[in-house]
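Colleague: Protein chains in written order, with the numbering used here: chain A, 1 to 179; chain B, 1001 to 1182.
We treat Cβ as the ideally placed atom computed from N, Cα and C, and that holds for glycine.
Got a structure for you, written out below as C-alpha cells; questions coming shortly.
As C-alpha cells, then:
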C-alpha cells in the first residue's frame, strides 16, 4: 500500500526555499497555531543550515481549525504575504508569534514586513486565499498527513522523530547520501 | 519479513486479527450519550466509517480525532457517517468531545466491556482496550475496507477516503453488486 506518499508532487505552485532540483526536498504540512509546529520551526532552520543548498524546504498548509481557531486565517495571511513575495518572512513571523494571531496582529505583521497594508488587509478579509489553503489541506489528507507537523522527505512520509535535531538532520543527510 | 521498516514489531506481534473486506459488519447498539443509543443497522443506506481507538485523551488519539473532526466535511461529501468507538464510558466521551469540539459521535463499548470491539477482532485482551482499527462499511452494512494500525500510530485518513471513493456512485458503474437500493 502506498498510502503515505505525496499525491501532489512538489511544483512551481509551492512555496519553496531552495531549488526544485535540490537532491533533498523536505515538505512540511503545518499549522501556524500548532505548538508542535512551533517546536519544529527552529529544527527545520537548523537542518537548512546543516545541509545548505542540498536541502529545499516546502511549506504546505494543514490548519486544524477545530482545535486551533486562528490557524486558517494565519495560513491565509501567509498566502496574502506570498502574493507580495513575502511568504517566508511571514511564515517565520507567525511561528515566532504563535500566541498573537488575531486579524489585527496579522495586519501589524504585514506592516512590519513592509507589505502594502491595505492590499494585505483587503485580501485577507475577502477570503481570497481560502481555497488555496483548503487545497493544501485536501492534498495533505490524501497523502497521509496524520497530524501537524507531518514531514515528507523526497515524497515519502517521515514517521520518525523530528524532535531530536541531530537525528532529524542525520536522516536528511542519509537521504542526500542515497541519491 | 519483508517489512523491515516496521518500528513497532513488539506491538505488531500482539495485534489482533480484524474482520476483513467482504464480511458483513456485526450489528450493535451502543450508547452515544448518557441517554441515547445508536444502532449500526439504523444507518443502512449510508457508508459508515468505524474508528476504533484505545482511549479518550491519549496523545495519539487526540491527534486522530482532531484530524477526523477536521476532515468530516469530506467524509460527508460521500454521505458517510463516522463513528468513534472505545471502551471509555459515556461521561468520559462527553468530556473528551467537549474538550476537542468534536462533531461526530463517540460510542461507548463499555458494558459488557469491549464486546463490540471483540466482534470486529479489534480488542487488545492484554491491555483491556480497543485496537486502533478502521472499517469502512457500504450502505448494505458490508465491510469494504479495514485497516489495523500499530496502536501508537495515527493512521490518518487517506485509506478511508480511498475506500469511500471506491464506493461512490461515480466509480461504481462497473460494480457487480447485486443489491438494489430503493
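1. Considering just the uninterrupted stretch of the alpha helix (DSSP H) at residue 133 of chain A, what are its terminal residues?
2. Helix, strand or coil, according to DSSP, for residue 19 of chain A in the structure here?
3. Can you tell me whether residue 1032 of chain B is buried or exposed? The criterion is at least 16 other CB atoms within 10 Å of its CB, across all chains shown.
4. Name the DSSP bridge partner or partners of residue 1036 of chain B?
5. Report all residues from its chain with a CB closer than 6 Å to the CB of residue 79 of chain A; omit the five preceding and five following residues, and keep chain order.
6. Compute the distance between the beta-carbons of residue 63 of chain A and residue 137 of chain A, then report whether it is under 9 Å.
7. Is the distance from the Cβ of residue 82 of chain A to the Cβ of residue 93 of chain A below 9 Å?
8. Let me know if residue 167 of chain A comes out buried or exposed under the rule of 16 or more other beta-carbons within 10 Å of its beta-carbon.
9. Using the C-alpha atoms, what's the distance from residue 29 of chain A back to residue 99 of chain A?
10. Work out the CA separation of residue 145 of chain A and residue 1158 of chain B for me, nearest whole Å.
11. Could you tell me if residue 33 of chain A is buried or exposed, where buried requires 16 or more neighbouring beta carbons within 10 angstroms of its beta carbon?
12. What are the residues in the stretch 1144 to 1159 of chain B lying within 8 Å of chain A by C-beta distance?
13. Below 8 Å, how does it come out for the stretch 141 to 159 of chain A and the stretch 106 to 116 of chain A: are there three or more Cβ pairs, yes or no?
14. Once DSSP output is grouped into helix, strand and coil, what is the label at residue 82 of chain A?
15. Counting along the chain, where does the alpha helix (DSSP H) carrying residue 44 of chain A start and finish?
16. Counting contacts by CB-CB distance shorter than 9 Å, is residue 66 of chain A in contact with chain B?
17. Pull up the DSSP beta-bridge partners for residue 1084 of chain B, would you.
18. By Cβ distance below 8 Å, which residues in the same chain neighbour residue 24 of chain A in space, the five residues on each side in sequence not counted?
19. Which bits of chain A does residue 1071 of chain B rub up against, with CB to CB less than 8 Å?
20. Under 9 Å, Cβ to Cβ, is there at least one residue of chain A near residue 1029 of chain B?
21. Sort B/1119, B/1075, B/1066 and B/1108 by Cα distance to residue 1102 of chain B and report the nearest one.
22. Check residue 76 of chain A in the structure and name its three-state DSSP category.
23. In the DSSP output, which residue or residues are listed as bridge partners for residue 158 of chain A?
24. Label residue 20 of chain A either buried or exposed according to how many other C-beta atoms from any shown protein chain fall within 10 Å of its C-beta, with 16 as the threshold for buried.
25. Compare the C-beta of residue 8 of chain A against all C-beta atoms of chain B and say whether one is closer than 9 Å.
26. Out of curiosity, what's the CA-to-CA distance linking residue 1166 of chain B and residue 1145 of chain B?
27. Are the C-beta atoms of residue 137 of chain A and some chain B residue less than 9 Å apart?
28. Using 9 Å as the limit for Cβ to Cβ distance, is residue 154 of chain A near chain B?
29. Exposed or buried, residue 1084 of chain B, counting other C-beta atoms within 10 Å across all chains shown (16 or more means buried)?
30. Leaving aside the five residues before and after residue 1081 of chain B along the sequence, list all residues of the same chain whose C-beta is less than 6 Å from its C-beta, in chain order.
31. Check residue 1018 of chain B in the structure and name its three-state DSSP category.
32. Here's a check: name, in chain order, each residue in its chain whose Cβ is nearer than 6 Å to the Cβ of residue 8 of chain A, leaving out the five neighbours to either side.
Modeller: Result, derived from the coordinates:
1. As a first step, residue 133 of chain A is located in the first chain; it is residue number 133 there, counting from the start. Where residue 133 of chain A is concerned, the enclosing alpha helix (DSSP H) stretches over 130 to 143.
2. As a first step, residue 19 of chain A is located in the first chain; it is residue number 19 there, counting from the start. Reduced to three states, the DSSP call for residue 19 of chain A is coil.
3. On the second chain, position 32 is the one that residue 1032 of chain B refers to. Counting the other Cβ atoms within 10 Å of the Cβ of residue 1032 of chain B gives 16 or more, which makes it buried.
4. Working through the second chain from its first residue, we reach residue 1036 of chain B at position 36. Answer is B/1033, bridged to residue 1036 of chain B.
5. For the purposes of this step, residue 79 of chain A is identified with residue 79 of the first chain, where counting begins at 1. 129 and 132, listed in sequence order.
6. Your numbering for residue 63 of chain A matches position 63 in the first chain. Your numbering for residue 137 of chain A matches position 137 in the first chain. Contact: yes.
7. Working through the first chain from its first residue, we reach residue 82 of chain A at position 82. Working through the first chain from its first residue, we reach residue 93 of chain A at position 93. Cβ distance not < 9 Å, so residue 82 of chain A and residue 93 of chain A don't count as in contact.
8. Along the first chain, one-based indexing puts residue 167 of chain A at 167. It is exposed - the Cβ of residue 167 of chain A has fewer than 16 other Cβ atoms within 10 Å.
9. Along the first chain, read from residue 1 onward, the residue named residue 99 of chain A stands at position 99. Along the first chain, read from residue 1 onward, the residue named residue 29 of chain A stands at position 29. So the two alpha carbons sit approximately 20 Å from each other.
10. Working through the second chain from its first residue, we reach residue 1158 of chain B at position 158. Working through the first chain from its first residue, we reach residue 145 of chain A at position 145. So the alpha carbons of these two residues sit roughly 8 Å apart.
11. As a position in the first chain, residue 33 of chain A is number 33, starting the count at 1. When all chains shown are included, residue 33 of chain A counts as buried.
12. 1153, 1154, 1155, 1156, 1157, 1158 and 1159
13. Not touching, per the Cβ criterion.
14. Locating residue 82 of chain A in the first chain gives position 82, where the first residue counts as 1. In the structure shown, residue 82 of chain A sits in a helix (DSSP, three-state: H, G or I).
15. Within the first chain, numbered from 1, the residue matching residue 44 of chain A stands at position 44. Note, residue 44 of chain A: alpha helix (DSSP H), 35 to 51.
16. Within the first chain, the letter at position 66 stands for residue 66 of chain A. So yes, residue 66 of chain A belongs to the interface.
17. As a position in the second chain, residue 1084 of chain B is number 84, starting the count at 1. Bridge pairing for residue 1084 of chain B: B/1051 and B/1106 [DSSP].
18. Mapped onto the first chain, residue 24 of chain A falls at position 24. Excluding sequence neighbours, residue 24 of chain A sits near 51, 54, 55, 56, 153, 154, 172, 175, 176 and 179.
19. As a working note, residue 1071 of chain B is residue 71 in the second chain. Those within 8 Å of residue 1071 of chain B in chain A are 141.
20. Taking the second chain and counting its residues from 1, the one referred to as residue 1029 of chain B is at position 29. No, residue 1029 of chain B lies away from the interface with chain A (no Cβ there is under 9 Å from its Cβ).
21. Along the second chain, one-based indexing puts residue 1102 of chain B at 102. Among B/1119, B/1075, B/1066 and B/1108, the Cα nearest to that of residue 1102 of chain B is on B/1066.
22. Here residue 76 of chain A is taken as the residue at index 76 of the first chain, counted from 1. Residue 76 of chain A: helix per DSSP, three-state reduction.
23. As a first step, residue 158 of chain A is located in the first chain; it is residue number 158 there, counting from the start. Answer is A/151, bridged to residue 158 of chain A.
24. By one-based count along the first chain, residue 20 of chain A stands at place 20. Under this definition residue 20 of chain A is an exposed residue.
25. Looking up residue 8 of chain A in the first chain gives position 8. With a threshold of 9 Å between beta carbons, residue 8 of chain A makes no contact with chain B.
26. As a position in the second chain, residue 1166 of chain B is number 166, starting the count at 1. As a position in the second chain, residue 1145 of chain B is number 145, starting the count at 1. When rounded, the distance between both Cα atoms is 10 Å.
27. Looking up residue 137 of chain A in the first chain gives position 137. Closer than 9 Å to some Cβ of chain B, the Cβ of residue 137 of chain A qualifies, so yes.
28. The sequence position of residue 154 of chain A within the first chain is 154, counting from 1. False, the Cβ-Cβ gap to chain B never drops below 9 Å.
29. Position 84 of the second chain, counting from 1, holds the residue named residue 1084 of chain B. Its Cβ being crowded by 16 or more others within 10 Å, residue 1084 of chain B is buried.
30. Looking up residue 1081 of chain B in the second chain gives position 81. Closer than 6 Å at the Cβ level, and outside the excluded window around residue 1081 of chain B, lie 1043, 1046 and 1048.
31. Counting from 1 along the second chain, the entry for residue 1018 of chain B is found at position 18. Coil.
32. Taking the first residue of the first chain as 1, we reach residue 8 of chain A at position 8. 139.
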